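Protein chains: 2
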Amino acid sequence: MKEKITSSQNKRVKQWRALTSKKGRKQTQSYLLEGWHLVQEALKADQPITAILGTADQLAAHAAVLPSDVDCFELTDSIAKTIGDANTPQGIFATMPLPHAAPVDPQTAQGGWLFLDQVQDPGNIGTMVRTADAAGLTGVVFGRGSASRYLPKVLRSMQGSQFHVQLVEADLHDWIQAFTARHLPVYGTNLDPQAQDYRNVDPVPLAAGAVVMGNEGNGMAPDLQRLTTRNLYIPIKGQAESLNVAVAAGIVMFRLFG
Amino acid sequence: MKEKITSSQNKRVKQWRALTSKKGRKQTQSYLLEGWHLVQEALKADQPITAILGTADQLAAHAAVLPSDVDCFELTDSIAKTIGDANTPQGIFATMPLPHAAPVDPQTAQGGWLFLDQVQDPGNIGTMVRTADAAGLTGVVFGRGSASRYLPKVLRSMQGSQFHVQLVEADLHDWIQAFTARHLPVYGTNLDPQAQDYRNVDPVPLAAGAVVMGNEGNGMAPDLQRLTTRNLYIPIKGQAESLNVAVAAGIVMFRLFG
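Chains as they are written, first to last, in the numbering used here: chain A, 35 to 292; chain B, 35 to 292.
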């Protein structure tokens, strides 16, 4: 099942390269995992990998654990360097179909959730998904205006947590309103010291509820803040203007759910 | 005091470009601040800026607040793009002397401290300095093997917190032993669930003590762990293998000092 690819003009190589763009992902309905850590996480989580691509060295190094029933392509070192976007490419990749899971219904969603309102930085987004996983949350909702979860840097920062928690793209108005109607607490976050000090809020009962994190520069949208159960503030003691959004998310999630 | 520079072969331009390397910083005993946010933070903190460099547009935009007693260089757009290392350069920079502060003595250091043991990722380091500032800590000690605090990405992630907290390069053995000898608590961090659950530790009395964060892949060095008052663990509830080191640092610092 292993095919050697030596021409950088090969049609498949062009398709793989295109997976760093939204257009390329849409055309082939697939996305790219870069580096052994992510490929291994996908294998462990029994994900529907469609192909494994790697240099001769990488494929040999991992031969014992690569599945025999998945198409495998051996790339020259120079072709491998043109795929993906890591600064220090590891020479091994996998392709995965874009998921077509049934949309999650906020009327019935269980457990803890992180809602992302227009978060922009791919590293921050990936780190928050990883942290949500570590804090035992069920899933993450990407509201309008948040960066795509298939960006290579988001995928790298998630470190495989996309296989452990549910990722949903949806309107946060709908999700916040559905949760509060179900009497599940939804905590917004706010840079305003007038908001509630997060240290004075108890852990979420039965770990069922949500935390909303906002845009790096502007915070959470005011119309969403008006829909939450309460908006929380992390007191800043020093002279820093603010916390990094992923650090703030970690502090609040581990306080409420950890 | 404003000089226009139009040749990319200008000697000063070459020196500024070299400030992204350790060698260049050493030769001129100075380092570079990139982007208006950092330049503004340095001005606010009354730092000894030696020169301001910017495109005509950027210098005009900030003319009202630029100091008149500092050398100012107007760069062409194309030259400005070759200085610094931001993906999206903002066209404004300042140069600063490398600090020659008297070394801080661990026998007399006051307040809360973050100790970094071989932390590698510049974004993580910068974010931890910013978080230490927000949590009201006095300073950060860069132990052997941690990345330089003058890397452009470290400087960007610190967001000016380097002007608010003390940054020290030193041997962590010395600092940990000095603190514990003074009966100041030093909390190591550990991925081992046998370590102490961080939630069962009270905030540090009088906010005087230290937290140690270790290398991204290997954690804190075992010989340092043996010197601490106690080593803390953040329980992972989901399937993530670990937390990002900057997120973990935020959770522990805000628990102990926040």
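We put the CB at the ideal spot given by N, CA and C, even for glycine.
Remember, it's a predicted structure, so these values are computed and weren't measured experimentally.
Residue burial classification, valine 199 of chain B (beta-carbon count within 10 angstroms, cutoff 16): In summary, valine 199 of chain B is buried, with 16 or more beta-carbon neighbours lying within 10 Å of its beta-carbon over all protein chains present.
Are the segment 219-228 of chain A and the segment 108-116 of chain A in contact at 8 Å, needing three or more beta carbon pairs? Judged by Cβ distances under 8 Å, the segment 219-228 of chain A makes no contact with the segment 108-116 of chain A, as fewer than three pairs qualify.
Is there at least one Cβ from chain B nearer than 7 Å to serine 195 of chain A's Cβ? At least one chain B Cβ lies under 7 Å of serine 195 of chain A.
When DSSP builds the beta bridges, which residues end up paired with glycine 222 of chain B? According to DSSP, which records beta bridges pairwise, glycine 222 of chain B is partnered with B:Asn265.
Under 7 Å between beta-carbons, which chain A residues line up against isoleucine 270 of chain B? List them in chain order, please. Near isoleucine 270 of chain B (Cβ distances below 7 Å), the residues of chain A are Ala168.
Beta-bridge pairing of aspartate 105 of chain A - partner residues as DSSP gives them: By DSSP's assignment, aspartate 105 of chain A forms a beta bridge with A:Ala85.
Give the residues from the segment 101-120 of chain A that approach chain B closer than 8 Å (Cβ to any Cβ), ordered along the chain. For the segment 101-120 of chain A, the set of residues with a beta-carbon nearer than 8 Å to any beta-carbon of chain B is empty.
What three-state label does DSSP hand isoleucine 270 of chain B in the structure shown? If DSSP states are grouped into helix, strand and coil, isoleucine 270 of chain B belongs with coil.
Give the residues from the segment 75-96 of chain A that approach chain B closer than 7 Å (Cβ to any Cβ), ordered along the chain. Listed in chain order, the positions of the segment 75-96 of chain A with a beta carbon within less than 7 Å of a beta carbon of chain B would be empty, since no residue qualifies.
Measure from the C-beta of isoleucine 285 of chain B to each C-beta in chain A and report whether the shortest distance is under 7 Å. Cβ-Cβ to chain A under 7 Å: yes for isoleucine 285 of chain B.
Under a Cβ-count criterion, where at least 16 other Cβ atoms within 10 Å of its own Cβ denotes burial, should glycine 146 of chain B be classed as buried or exposed? That one is buried.
Could you tell me which residues DSSP puts in a beta bridge with tyrosine 65 of chain B? Paired residues: B:Met130.
Below 8 Å on the Cβ atoms is my contact criterion, and I expect methionine 130 of chain A with valine 163 of chain A to pass it. Report the Cβ-Cβ distance as a whole number of Å. With 8 Å as the limit, methionine 130 of chain A and valine 163 of chain A do not qualify as a contact, their Cβ atoms being about 16 Å apart.
Measuring only the C-alpha atoms, how far is aspartate 105 of chain A from lysine 78 of chain A? One C-alpha to the other measures close to 17 Å.
Which word fits arginine 190 of chain B, buried or exposed, when buried means at least 16 other C-beta atoms lie within 10 angstroms of its C-beta? Arginine 190 of chain B comes out buried.
Going by other Cβ atoms of all chains shown within 10 Å of its Cβ, with 16 needed for buried, is aspartate 257 of chain A buried or exposed? Of the other Cβ atoms in all chains shown, fewer than 16 fall within 10 Å of the Cβ of aspartate 257 of chain A; this residue is therefore exposed.
Per-residue DSSP class, three states only, for leucine 240 of chain B: In the structure shown, leucine 240 of chain B adopts helical secondary structure according to DSSP, grouped into three states.
Considering only the alpha carbon of each residue, which of A:Thr165, A:Ser180 and A:Arg178 lies closest to glutamine 196 of chain A? It is A:Thr165 whose Cα lies nearest to the Cα of glutamine 196 of chain A.
Can you find a CB in chain B that lies within less than 7 Å of the CB of valine 281 of chain A? Answer yes: the Cβ-Cβ gap between valine 281 of chain A and chain B drops below 7 Å somewhere.
Contact belief for alanine 128 of chain B with alanine 85 of chain B at Cβ below 8 Å, rounded distance in angstroms: About 7 Å separates the two Cβ atoms, so the contact holds.
Could you tell me which chain B residues have their CB closer than 7 Å to the CB of threonine 54 of chain A, listed as they occur along the chain? Contacts between threonine 54 of chain A and chain B, judged by CB atoms closer than 7 Å, are missing: the closest CB pair is about 15 Å apart.
Using three-state DSSP, classify phenylalanine 288 of chain B as helix, strand or coil. Reduced to three states, the DSSP call for phenylalanine 288 of chain B is helix.
Could you say which of B:Val175, B:Ala98, B:Gln63 and B:Ala97 lies nearest to proline 137 of chain B if we only look at CA atoms? When each option's Cα is compared against that of proline 137 of chain B, the closest is B:Val175.
If I follow the unbroken alpha helix (DSSP H) through leucine 258 of chain B, where does it start and stop? Segment 256-259, the alpha helix (DSSP H) holding leucine 258 of chain B.
Backbone CA spacing between alanine 90 of chain A and threonine 262 of chain A [nearest angstrom]: Each residue's alpha carbon lies about 53 Å from the other.
Could you tell me which uninterrupted alpha helix (DSSP H) segments, each at least 4 residues in length, are contained entirely in the segment 125-186 of chain A, listed from first to last along the chain? Taken in chain order, the whole alpha helix (DSSP H) runs of length 4 or more contained in the segment 125-186 of chain A are 156-168.
Any C-beta of chain A within less than 9 Å: which residues of the segment 249-277 of chain B qualify? Those would be Ile268, Pro269, Ile270, Lys271, Gly272, Gln273, Ala274, Glu275, Ser276 and Leu277, in chain order.
Own chain residues within Cβ distance below 6 Å of tyrosine 184 of chain A, not counting five before or after: The answer, listed in chain order, is Arg59 and Tyr65.
Pull up the distance between the alpha-carbon of glycine 179 of chain B and that of asparagine 249 of chain B, whole angstroms please. One C-alpha to the other measures close to 9 Å.
Endpoints, alpha helix (DSSP H) assigned at lysine 45 of chain B: Per DSSP, lysine 45 of chain B is one residue of the alpha helix (DSSP H) stretching across 45-52.
Using C-beta distances below 6 Å, list every residue in its chain close to alanine 204 of chain B, excluding the 5 sequence neighbours before and after it, in chain order. Only Val175 meet the Cβ criterion.
Chain-ordered residues of the segment 194-216 of chain B with a beta carbon less than 9 Å from chain A: Going along the segment 194-216 of chain B in chain order, one finds Gly194, Ser195, Phe197, His198 and Val199 with a Cβ nearer than 9 Å to chain A.
Considering only their Cβ atoms, is the gap separating alanine 168 of chain A from isoleucine 270 of chain B smaller than 7 Å? Yes, these two residues count as a Cβ contact at 7 Å.
For phenylalanine 288 of chain B, go through chain A and note every residue whose CB falls closer than 8 Å to its CB, in chain order. Residues of chain A passing the Cβ test: Ile268 and Ile285.
Between which two residues does the alpha helix (DSSP H) containing glutamine 74 of chain A stretch? Element bounds for glutamine 74 of chain A: 70-78.
Rounded separation between leucine 201 of chain A and valine 246 of chain A - CA only: Leucine 201 of chain A and valine 246 of chain A: Cα-Cα distance of roughly 15 Å.
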